[in-house]
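Here the UniProt record's numbering is used: position 98 in the sequence shown is 98, and no number is missing along the way.
Following: one structure in structure tokens, then a few remarks.
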Amino acid sequence: TQLKYHRRSRANDRERTRMRLLNESLEHLRTLLPIDSVSCYSSTDSSNHGTMLEDKLTKIETLRTASAYIRVLTDLLEDSNNSSTSSSYSYNISDQPQQQQPPQVYQHSSYFGYTPNYSYYHPYC
Numbered sequence: 001t002q003l004k005y006h007r008r009s010r011a012n013d014r015e016r017t018r019m020r021l022l023n024e025s026l027e028h029l030r031t032l033l034p035i036d037s038v039s040c041y042s043s044t045d046s047s048n049h050g051t052m053l054e055d056k057l058t059k060i061e062t063l064r065t066a067s068a069y070i071r072v073l074t075d076l077l078e079d080s081n082n083s084s085t086s087s088s089y090s091y092n093i094s095d096q097p098q099q100q101q102p103p104q105v106y107q108h109s110s111y112f113g114y115t116p117n118y119s120y121y122h123p124y125c
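Pasting the structure below:
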């Protein structure tokens, strides 16, 4: 039983370390995203009453926001590479073609956690 206790204790320590490193990595990722907390998100769910705007991004929101941001940056690079202007071309959000659909952004939802929002996305809020 002493051996089982020691093994379980070591396993618990490894799990705590793993979770601490994961949380530190997600916190660092949040600092790299071009939004301040969830200020770009607008809650349409009446049960939230707008209180979610003050909360930090959850783990899944952080990953989904990072994924959307990477898609935007990829599109910017592709558009920049495909443009016929000089190499000093500067891409502004207003330069995006109007026919492109904005990337899928997720907002808070009370039941399943996330609902897609296609109506508004600004990567530099």
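No residue lacks a Cβ here, since even glycine has one placed at the ideal position from N, Cα and C.
Terminal residues of the alpha helix (DSSP H) in which residue i lies
i, result
"S9", "2 to 32"
"S80", "59 to 82"
Beta-carbon spacing of residue i, residue j below 7 Å
i, j, result
"R30", "L57", "yes"
"L33", "T65", "yes"
"T62", "L22", "no"
Exposure label - residue i; buried when at least 16 CB within 10 Å
i, result
"Y69", "buried"
"S39", "With a pLDDT of only 47 at S39, under 50, the local geometry of the prediction cannot be trusted, and no value is derived from it."
Residues near residue i in its chain [Cβ-Cβ closer than 8 Å; skip 5 each side]
i, result
"Y5", "none"
Close Cβ partners of residue i (< 6 Å) along its chain, the five nearest in sequence each way excluded
i, result
"K59", "L26"
"D55", "none"
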